[in-house]
Amino acid sequence: MMYYIEFLILTFSLVAAKNNVCPSHLDYFTITFNSKCWYDPDVDATIPEIINNYGFKSESYNVTTLDGYIIEIFRIPSKLNEISNKTKTPLILFHGMARDARSWLILGEDSPAIYYAKKGYDVWLANRRGTEYSSHIKYSRNDKEFWNFSFHEMGTMDVPTIIEKVADVSKQPGNIIYIGHSMGTTASFVYCSLNITHCAKNLKTIISLAPVANFNHMKIPMCHTMSYFTNELEVQQFLNNFCQLNCFFFSLF
1 MMYYIEFLIL TFSLVAAKNN VCPSHLDYFT ITFNSKCWYD PDVDATIPEI
51 INNYGFKSES YNVTTLDGYI IEIFRIPSKL NEISNKTKTP LILFHGMARD
101 ARSWLILGED SPAIYYAKKG YDVWLANRRG TEYSSHIKYS RNDKEFWNFS
151 FHEMGTMDVP TIIEKVADVS KQPGNIIYIG HSMGTTASFV YCSLNITHCA
201 KNLKTIISLA PVANFNHMKI PMCHTMSYFT NELEVQQFLN NFCQLNCFFF
251 SLF
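Quick note: the sequence shown uses UniProt numbering, first residue 1, plus one each step.
Shown next as structure tokens:
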């Protein structure tokens with residue numbers, strides 16, 4: 001009951017307020033008159049709108065994996081007023097667990113996607129199966145079969161399919177830079193370990209931010225215990241819930 005009341009209060013506050021961003025969860029309860037809160041136009045904007053707001057063109061592409069997932073990815077090819085045939089190095093940004101392509105745009109002008117676009121890269125924002133930017137040719141999001149995947153399928157299916165699209169559009173196979181964060185790095189490790197020829201043919205460099213390969217050597221007892229799980233889907237679901245709970249808890253302080 002308490003959670004329901006808190007939800008109603010939070011919902012009412014968000015609807016009534018012009019502000020839409022606060023530094024902590026508790027601040028949202030007083031968002032209407034809280035001086036710590038502010039309005040951010042990016043919050044309700046789509047990915048293309050956010051990209052355009054910072055002066056860049058945006059493109060979107062749908063790719064279909066071998067096992068039927070349709071994934072939407074985004075491209076930042078150039079500035080809005082830029083007229084140039086200059087060849088740019090393609091750069092893929094692949095997000096981590098419980099995130100999507102928006103995670104590379106949440107810092108506004110200082111976001112990695114905007115930063116690399118300013119530096120002259122052909123920036124591609126990847127998504128994976130399971131995000132709001134994915135669907136399936138056969139299953140709906142309410143079907144358990146839709147969710148029967150792990151980072152293994154991301155690495156063997158999603159990553160190569162996305163890379164092939166980037167290589168085809170940019171006409172630069174072998175010159176693609178891949179930057180992954182957290183589970184985005186895990187997917188790249190799976191990809192290049194099991195599809196060595198494809199990886200060597202298309203990628204120039206892999207940059208891993210907060211890389212995750214296994215849990216065997218982690219000092220935290222709970223995380224070490226997870227290394228013995230045999231069902232990867234159970235591990236992913238557990239980590240997702242655990243991380244969200246931790247984020248909420250620490251945001252209160």
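Built from N, CA and C at the ideal position, the CB exists for glycine as well.
Everything numeric in this text was worked out from a predicted model, so none of it was measured.
Collapsed DSSP secondary structure at residue 102 in the structure displayed: Sequence index remark: in the sequence shown, residue 102 carries index 102 (1-based). Note: residue 102 maps to helix in three-state DSSP.
7 Å Cβ cutoff met for residue 136 and residue 68: For the purposes of this step, residue 136 is taken as the residue at position 136 of the sequence shown. For the purposes of this step, residue 68 is taken as the residue at position 68 of the sequence shown. In this structure, residue 68 lies closer than 7 Å to residue 136 by Cβ.
Three-state secondary structure (DSSP) of residue 230: As a first step, residue 230 is located in the sequence shown; it is residue number 230 there, counting from the start. Because the pLDDT at residue 230 is just 49, under 50, the model does not fix this residue reliably, and the value given afterwards should be weighed accordingly. Residue state, collapsed to three classes: coil.
Paired residues, beta bridge with residue 180 - DSSP: For this step, residue 180 is matched to residue 180 along the sequence shown. Answer is 94, 208, bridged to residue 180.
Start and end residues, alpha helix (DSSP H) containing residue 53: For the purposes of this step, residue 53 is identified with residue 53 of the sequence shown, where counting begins at 1. Where residue 53 is concerned, the enclosing alpha helix (DSSP H) stretches over 47 to 53.
Integer Cβ distance of residue 91 from residue 121, believed to fall under 8 Å: The sequence position of residue 91 within the sequence shown is 91, counting from 1. The sequence position of residue 121 within the sequence shown is 121, counting from 1. Contact holds; Cβ gap of about 4 Å.
Beta-carbon gap between residue 187 and residue 154 smaller than 7 Å: Along the sequence shown, read from residue 1 onward, the residue named residue 187 stands at position 187. Along the sequence shown, read from residue 1 onward, the residue named residue 154 stands at position 154. With respect to the 7 Å criterion, residue 187 and residue 154 are classified as neighbours on the basis of their beta carbons.
Cβ contact check for the stretch 192 to 207 and the stretch 162 to 175: 3 or more pairs under 8 Å: Yes, the stretch 192 to 207 touches the stretch 162 to 175.
For residue 61, the first and last residue of its enclosing beta strand (DSSP E): The count along the sequence shown starts at 1 and reaches residue 61 at position 61. Here the beta strand (DSSP E) through residue 61 covers 59 to 64.
Residue 160 classed as buried or exposed, judged by whether at least 16 other C-beta atoms fall within 10 angstroms: Counting from 1 along the sequence shown, the entry for residue 160 is found at position 160. The residue in question, residue 160, is buried, as its Cβ has 16 or more Cβ neighbours within 10 Å.
Environment of residue 149 [buried if 16+ CB atoms lie within 10 Å]: Start at 1 with the first residue of the sequence shown, and residue 149 comes out as number 149. Flag for residue 149 reads buried.
Where residue 26 sits in the DSSP three-state scheme: As a position in the sequence shown, residue 26 is number 26, starting the count at 1. If DSSP states are grouped into helix, strand and coil, residue 26 belongs with the helices.
Cβ distance (whole Å) where residue 124 is taken to contact residue 75 below 8 Å: Along the sequence shown, read from residue 1 onward, the residue named residue 124 stands at position 124. Along the sequence shown, read from residue 1 onward, the residue named residue 75 stands at position 75. At roughly 5 Å, the Cβ-Cβ gap stays under 8 Å, so residue 124 and residue 75 are in contact.
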